[in-house]
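Structure first, commentary second.
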Amino acid sequence: MNAYLILDISINDFESFKGYIEKIPAFIQKHDGRYVIQGVEPEVMEGDWKPERVVVIEFPTKEGAKGFLNDPDAQALFDIRYKSTTSKLILAEGCL
């Protein structure tokens, strides 16, 4: 069953964040993931959720998504994201 990482992200330091943007796609691919939505400015249709940018990454399995998040070689990049953005991340499995 496909799994999706959904990221609500506000960029606080774009110069620092550029290193993450350039290098993280290789780690997504390493874990058989692909961008479904890549940093778009969403249009709020209901409620009070006001994300600045949204990213959705699809993986073939929940384990693949978790493998990406726990990849020891990617942790330095995640540290860049943590320090240069304010973000919220969820993992959700798709429908059969």
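The numbering of the sequence shown is full-length UniProt numbering, which starts it at 1 and goes up by one.
Even for Gly, the Cβ is constructed at its ideal location relative to N, Cα and C.
Could you check if Gly-39 is buried or exposed, using at least 16 other CB atoms within 10 Å of its CB as the buried criterion?
Per the 10 Å Cβ criterion, exposed.
Suppose contacts are defined by Cβ-Cβ distances below 7 Å. Is Ser-87 in contact with Leu-7 by that definition?
Their beta carbons are under 7 Å apart, which means Ser-87 touches Leu-7 by this criterion.
Under the three-state reduction of DSSP, which class applies to Leu-77: helix, strand or coil?
Helix at Leu-77.
Checking 7 Å against the spacing of the C-beta atoms, do Asp-32 and Pro-60 come in under that value?
Closer than 7 Å, so yes.
Residue ranges of each beta strand (DSSP E) within the UniProt domain "DUF1330" (3-94), 3 or longer
Taking only runs of at least 3 residues, the beta strand (DSSP E) segments lying wholly in the UniProt domain "DUF1330" (3-94) are 3-11, 34-40, 53-59 and 85-93.
Can you give the beta carbon distance from Glu-52 to Ser-16, rounded, assuming they're within the 8 Å contact cut?
Contact check for Glu-52 and Ser-16: beta-carbon distance about 16 Å, past the 8 Å limit, so the pair fails to qualify.
Nearest candidate by alpha-carbon position, reference Thr-85, set Phe-27, Ala-65, Tyr-20 and Cys-95:
Check the Cα spacing between Thr-85 and each of Phe-27, Ala-65, Tyr-20 and Cys-95: the tightest is with Tyr-20.
From Trp-49, Met-45, Asn-70 and Phe-14, pick the residue whose C-alpha is nearest to that of Ile-80; which is it?
Sorting Trp-49, Met-45, Asn-70 and Phe-14 by C-alpha distance to the C-alpha of Ile-80 places Phe-14 at the top.
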